[in-house]
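Residue numbers (our numbering), protein chains in the order written: chain A, 19 to 344; chain B, 300 to 964.
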Amino acid sequence: MSGPALVFVEQGPDGALDELSGQALAFARRLESPLHAVLVGPVAAAEPMRPDLGALGVSTVHVAGHPSLGAFAPAAWAQAIAETAARLSAAAVLAAGSERGNELLAHVAARTEQPLAANCVSVTPGDPPEVTRVRWGGSLLEQARVHGSPLLLTVAAHAVAAEPAPAPQEAEIETFAPELSEADLLVRISERVPAAAGGVSLAAADVVVSGGRGVGSAEGFSVLEELAELLGAAVGCSRAVTSAGWRPHTDQVGQTGTKIAPEIYIACGISGATQHMAGCKGAKKLLAINPDGEASIFASADYAVIGDLHQVVPAISAELRKARGT
Amino acid sequence: MALAAALAISGTIFVRRSRFLVGLVRAGAPVDRSGEVPERVQAEATIVLGQRKLLERIGPGLIHAFIFWGFLVLAPTILIAFIGVLDKHSTLPWLGHQGWFAFLVDVFALLVLVGVLAALWVRKVQRPQRFEGSHRGEADLILGLIATIVISLLLWHATRIALGRSEWPASWSPLSHALSHVFSGGGATKVLERVFVWVHVLAILAFLAYLPYSKHLHIVTAAFNVWFGRTRARGRLEPLRFDDEGVDEEDMRFGAGTSADLTWKQVLDTFSCTECGRCQDACPAFATGKALSPKLLIMGLRDQVFADGAARAGAGGGPDGGPGEGSGSFEPGPLVPGAVTDEVVWDCVTCGACVEACPVSIEHIDHIVDLRRHLVMVESSFPAEAEPMLRDVERASNPWGNPQSERADWAAQLGVRVLEPGDPAPEVLYWVGCASSFDERARTTAESTAKLLQAAGVDFAILGARESCTGDPARRMGNEYVFQAFAEHNVETLNDAGVTKIVANCPHCFNTLANEYPDFGGRYEVVHHSELLAQLVSEGRLKPGPAGEQAITYHDSCYLARHNDVRASPRELVAAVGTPVEMERSGKRTFCCGAGGAHMWMEERGSAINENRVREAAATGAGTLAVACPFCTVMLDDGVQSTGDELRVVDVATLLVEHVEGRPQ
Chain A
19 MSGPALVFVE
29 QGPDGALDEL
39 SGQALAFARR
49 LESPLHAVLV
59 GPVAAAEPMR
69 PDLGALGVST
79 VHVAGHPSLG
89 AFAPAAWAQA
99 IAETAARLSA
109 AAVLAAGSER
119 GNELLAHVAA
129 RTEQPLAANC
139 VSVTPGDPPE
149 VTRVRWGGSL
159 LEQARVHGSP
169 LLLTVAAHAV
179 AAEPAPAPQE
189 AEIETFAPEL
199 SEADLLVRIS
209 ERVPAAAGGV
219 SLAAADVVVS
229 GGRGVGSAEG
239 FSVLEELAEL
249 LGAAVGCSRA
259 VTSAGWRPHT
269 DQVGQTGTKI
279 APEIYIACGI
289 SGATQHMAGC
299 KGAKKLLAIN
309 PDGEASIFAS
319 ADYAVIGDLH
329 QVVPAISAEL
339 RKARGT
Chain B
300 MALAAALAIS
310 GTIFVRRSRF
320 LVGLVRAGAP
330 VDRSGEVPER
340 VQAEATIVLG
350 QRKLLERIGP
360 GLIHAFIFWG
370 FLVLAPTILI
380 AFIGVLDKHS
390 TLPWLGHQGW
400 FAFLVDVFAL
410 LVLVGVLAAL
420 WVRKVQRPQR
430 FEGSHRGEAD
440 LILGLIATIV
450 ISLLLWHATR
460 IALGRSEWPA
470 SWSPLSHALS
480 HVFSGGGATK
490 VLERVFVWVH
500 VLAILAFLAY
510 LPYSKHLHIV
520 TAAFNVWFGR
530 TRARGRLEPL
540 RFDDEGVDEE
550 DMRFGAGTSA
560 DLTWKQVLDT
570 FSCTECGRCQ
580 DACPAFATGK
590 ALSPKLLIMG
600 LRDQVFADGA
610 ARAGAGGGPD
620 GGPGEGSGSF
630 EPGPLVPGAV
640 TDEVVWDCVT
650 CGACVEACPV
660 SIEHIDHIVD
670 LRRHLVMVES
680 SFPAEAEPML
690 RDVERASNPW
700 GNPQSERADW
710 AAQLGVRVLE
720 PGDPAPEVLY
730 WVGCASSFDE
740 RARTTAESTA
750 KLLQAAGVDF
760 AILGARESCT
770 GDPARRMGNE
780 YVFQAFAEHN
790 VETLNDAGVT
800 KIVANCPHCF
810 NTLANEYPDF
820 GGRYEVVHHS
830 ELLAQLVSEG
840 RLKPGPAGEQ
850 AITYHDSCYL
860 ARHNDVRASP
870 RELVAAVGTP
880 VEMERSGKRT
890 FCCGAGGAHM
900 WMEERGSAIN
910 ENRVREAAAT
920 GAGTLAVACP
930 FCTVMLDDGV
940 QSTGDELRVV
950 DVATLLVEHV
960 EGRPQ
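Written as structure tokens, this is what we have:
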């Protein structure tokens, strides 16, 4: 490989280098090419990331500044990446396997007419390079040879740790203005509207407290909401609850709702119909609270409380408060 | 001269329009409806001549039958009247002189009039919901024309009797004879005789010209539509051909995106609808306040077919409105949302109640599925909540995404033989299905069935992890591609294993295996578990104790009772165990549980179909609601929990096993 490896990086919420971008840089070092990064935004944003980038082995940071590049616009950002790659004759272009990273490199792939291997967990340089990548939501590992120049990869989250490079660099910042057409800016973020519900997102929550038909009414969910707040958990429900109109469909856990994978799932007054279990079988631990000891949910539960949730759940909340002294 | 002119005008209008309509049908996509002649003759005899489906509702059925049979009998009088216009002293040789025929004419003319008056009463006084959205003004006009034709005929006959000109013995026609006393037999009567025959003939010609522009077109198309209707295997969907050699890419269909994609039978369906609304009355989606009305679906498609046909002809399309050579610049617009809304397409549970109810053999499910196929495979537009099901079927071979390795877990403790590659084929392969393999509530059915087969000494085995989803939910969703992949895979597994006979407890698997896999090279003798178990009971290989007194009401599964005519066997099992009580909507007129057409994996709008059905079951007073389908089991059990009724939802196999085991051996 002759040219450098170019990695698209982003700023994290705290202004420092985004964690997944760091992982992508560490991953890119396996290609044994000089490491460059490309970033979209003002130079001021790049400055606080410089030490991190240098520590990860980046020699040059290319910062794309353009009056129209403020908000995310996938085609325009991809143009900035593709342009940099062409200018550097990059041997490889990488990004984190985040939704944004995958979207951008898909655009780059289309623009350069090269194949893209998404969600890679390992790469072996060579001609052609070989990658292992995650498919089908993690159920399948695919080994592939990637014919293409530049080599286009995204890096599966947590495939490698963002460890510093053995030979740290002094990352230099170079700015450039990409050539954008109007069409590049057709799709862009024009406004951000916070989700109406607020609270913790169901799909990403570490803890989910869910209620089923046994909750009895929309008002009955107050005890679950109280527990969820104490645990920093999201509130979910079964299909029976959304059918009855007690909660919106967005709260439904199940085959026809959200499929979740929390650390712990607390299922209250849920019988455990297949349609529901299909949505929560990704949970690491399942605590079931149900007055019916024969309920099928107990077959899948790690912890079981046979009892009325309207007594059990407030008791758990009370214990939590007591333990925390609030 | 005047008659020739009237005939020419009316005939030209009729022929012109008919050519346009025939062109539209002929331009339809191909579908094979040949063969099975004896069954088609039988369908004509019972459904058309015998008015079988209409007479299932005796009141409106008789009204229609009177008018229909009346017109069959009165048909020769049209010719007689034309002769009468030309020459007041001539009539049809022989028949025109027959007293018995004149008698029949009087009787049937009266029946037609009774029919017309009763129909007007139904439409104006009763005003049933099924006519909502139909062209009611058109119907009134047609009834008026029919009345005019018949009354003028009777009056013409009466004046001829008064003038002593009747070629038949007047005493044979009591009604005309009685009416004849009104007329003096003088010069005024001579004038009136001419007036009545002209009114009669002109009304007939007006009818002829108006007919092909109206919903009443069914009097021409219905007989053809019934002839080309499905005869056997009604639960089978027409497969799409994806990679057949000899199929041009241009001719490849991915369902119906525009009116140009409809098959000729589907076009003929739309021309046959007379907007009677029997389909709508039977539809569970309509009954629970959803957007779908099967009647409005067909009417919407017809409007689009007409509009596109006219526009294509205007744009210099092929002859008679077909696409033909150089079909001009016309591009038809999408059927969804042009002819019907997206909601309508997804509300359907493919239960077939509409198809069963339709007196002219319109096949609504084929329309719905073709619209879905286009939406899913071309537009990728379908209810978001069903996406995990499609993904799980593709990825995990079952619609809940459970590991295949757990498919046979239920069978391990029962010692059921799992057929491994190379094993000798059993006498009967038990196809368990995904629901009975994985669902907690449905699994009981698999256990019961296996225990009963063991008790009866049947040589059977299951495929275990080698069994996959049949592809039915994907197919009913419109994802024909996924379905065919599974069909080919399963057929290969079954054929390699040397399977000849299959028993399935899931009516959806049963329907797919029996009616749809033959299209993919899988031909087996397929029976439903209720059929096999009833046979084992009647042969004495299973010996249940004496039937108890507990009242049991049996819910027919659509895919059993309606699509496959399995109605007796489950009832025999119920009768062997307890005291059967029937719901009003039973047998082939059953009401869906709400799960069909992949609705098991979709969210329901409006009120719940399953609750509607559970309330009907509870109203029988029975404490047990027997079912013979795993999806009905889950849906109705959910329904019972919602309504709070005291009902035990249980499969017939479980009822039987409890009764066999409970009996001291």
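Note that beta-carbon positions come from the ideal geometry of N, C-alpha and C, so glycine has one too. This structure is a prediction, so every number in the text was calculated from the model and none was measured.
Under 7 angstroms between C-beta atoms, does B:Phe930 make it to chain A?
When Cβ-Cβ separations below 7 angstroms define contact, B:Phe930 makes no contact with chain A.
For a contact defined as C-beta to C-beta under 9 angstroms, what are the partners of B:Gln940 on chain A?
Within 9 angstroms of the CB of B:Gln940, the CB atoms of chain A belong to Arg231, Ala258 and Ser289, in sequence order along the chain.
Using a 10 Å radius around the Cβ and a threshold of 16 neighbouring Cβ atoms, would you call B:Ser906 buried or exposed?
With fewer than 16 Cβ atoms within 10 Å of its Cβ, B:Ser906 is classed as exposed.
On the criterion of 16 or more Cβ atoms from any shown chain inside 10 Å, does B:His456 qualify as buried, or is it exposed?
Result: buried.
Under 8 angstroms by Cβ, that's how I've got B:Leu954 and B:Leu841 pegged, so tell me the actual separation to the nearest angstrom.
About 12 angstroms; that fails the 8 angstroms criterion.
B:Glu903 touches chain A at which residues, Cβ-Cβ below 9 angstroms?
Correct list: Ser261.
Quick check for students: name the residue ranges of the alpha helix (DSSP H) that lie wholly in the segment 253-331 of chain A, counting only runs of 4 or more.
Within the segment 253-331 of chain A, the complete alpha helix (DSSP H) runs of at least 4 residues are 257-261 and 292-298.
Using a Cβ-Cβ cutoff of 8 angstroms, what residues of the segment 303-333 of chain A are near chain B? List them in chain order.
For the segment 303-333 of chain A, the set of residues with a beta-carbon nearer than 8 angstroms to any beta-carbon of chain B comprises Ser314 and Ala317, in chain order.
Assign B:Leu378 to buried or exposed, taking buried as 16 or more other Cβ atoms, counted over all protein chains shown, within 10 Å of its Cβ.
Residue environment analysis places B:Leu378 among the exposed positions, since fewer than 16 neighbouring C-beta atoms fall within 10 angstroms of its C-beta.
Determine the DSSP secondary structure at A:Ala221, reduced to helix, strand or coil.
In the structure shown, A:Ala221 sits in coil (DSSP, three-state: anything other than H, G, I, E or B).
Under 7 angstroms from the C-beta of B:Gly700: neighbouring residues of chain A:
In chain order: Ala296.
Within the segment 556-642 of chain B, note down every full alpha helix (DSSP H) run reaching 4 residues or more, in order along the chain.
You should have 563-571, 577-581, 583-586, 593-613 and 634-637.
Which residues does DSSP list as the beta-bridge partners of B:Tyr729?
BP columns for B:Tyr729 point to B:Val802.
Is B:Ser868 helix, strand or coil by DSSP?
In the three-state reduction of the DSSP assignment, B:Ser868 falls in the helix class, which pools H, G and I.
Assuming B:Arg535 and B:Asn814 are in contact, meaning their beta carbons sit under 8 angstroms apart, how far apart are those beta carbons, in whole angstroms?
Between B:Asn814 and B:Arg535 the Cβ distance is about 4 angstroms, and since that is below 8 angstroms, they are a contact.
Those residues which DSSP pairs with A:Leu170 across a bridge
Paired residue(s): A:Val111 and A:Leu134.
As an exercise, report each continuous alpha helix (DSSP H) stretch of at least 4 residues that is fully enclosed by the segment 767-832 of chain B, in chain order.
Correct list: 771-776, 779-795 and 806-810.
Cβ atoms of B:Asp646 and B:Ala555: under 7 angstroms apart, would you say?
In this structure, B:Asp646 does not lie closer than 7 angstroms to B:Ala555 by Cβ.
Three-state class that DSSP yields for A:Gly229 in the structure shown:
Strand.
For B:Asp405, report the span of its alpha helix (DSSP H) as first-last.
According to the DSSP assignment, B:Asp405 belongs to the alpha helix (DSSP H) that extends over Gly398 to Trp420.
Determine, using beta carbons only, whether A:Leu203 comes closer than 7 angstroms to chain B.
Look at A:Leu203: its C-beta is not under 7 angstroms from any C-beta on chain B.
Euclidean distance between Cα positions of A:His80 and A:Ala189:
Straight across, the Cα-Cα distance linking A:His80 with A:Ala189 is about 10 angstroms.
With a threshold of 8 angstroms on Cβ separation, who are the neighbours of B:Leu373 within its own chain once the five nearest residues in sequence on each side are excluded?
For B:Leu373, where only same-chain residues beyond five positions count, the Cβ hits under 8 angstroms are Val404, Phe407, Ala408, Val411, Val449 and Leu452.
In chain A, which residues lie less than 7 angstroms from B:Phe737 when you measure between Cβ atoms?
Going along chain A in sequence order, the residues near B:Phe737 (Cβ under 7 angstroms) are Thr292.
Taking 7 angstroms as the threshold (C-beta atoms), are B:Gly893 and B:Ile908 in contact?
Closer than 7 angstroms, so yes.
Can you grab the Cα-Cα spacing for the pair B:Tyr780 / A:Gly250, in whole Å?
Distance between the alpha carbons of B:Tyr780 and A:Gly250: 43 angstroms.
Closer than 7 angstroms, CB to CB, is A:Thr344 near chain B or not?
Not a single C-beta of chain B is nearer than 7 angstroms to the C-beta of A:Thr344.
Note down, in chain order, each residue of its chain lying with its Cβ closer than 8 angstroms to the Cβ of A:Asp70, except the 5 sequence neighbours on either side.
So the list reads Ala34, Leu35 and Gly40, once near-sequence residues are dropped.
Three or more beta-carbon pairs under 8 angstroms between the segment 776-792 of chain B and the segment 658-675 of chain B, yes or no?
At 8 angstroms Cβ cutoff, the stretches touch.
Please go through the same chain and pick out, in chain order, the residues whose beta-carbon is closer than 6 angstroms to the beta-carbon of B:Thr447, but skip the five residues on each side of it.
The residues are Ala502.
Return no unless some Cβ of chain A is closer than 7 angstroms to the Cβ of B:Trp645.
Against chain A, the CB of B:Trp645 has no partner CB under 7 angstroms away; the residue lies outside that interface.
Grab me the residues of B:Gln849's own chain with a C-beta within less than 7 angstroms of its C-beta, minus the 5 sequence neighbours each way, in chain order.
So the list reads Gly877, Thr878, Gly922 and Thr923, once near-sequence residues are dropped.
Cα-Cα separation between B:Phe809 and B:Arg332, rounded to whole angstroms
Whole-angstrom Cα-Cα distance: 23 angstroms.
Across the segment 109-117 of chain A and the segment 84-92 of chain A, are there enough close Cβ pairs to call them in contact, namely three or more that are closer than 8 angstroms?
They do not touch, by the three-pair rule.
B:Gln579 vs B:Phe570 beta-carbon contact at 7 angstroms
Taking 7 angstroms as the Cβ cut-off, B:Gln579 and B:Phe570 do not qualify as a contacting pair.
Short of 7 angstroms in beta carbon distance, which residues of its chain neighbour B:Ser704, apart from the five on each side in sequence? Order them along the chain.
The residues are Ala764.
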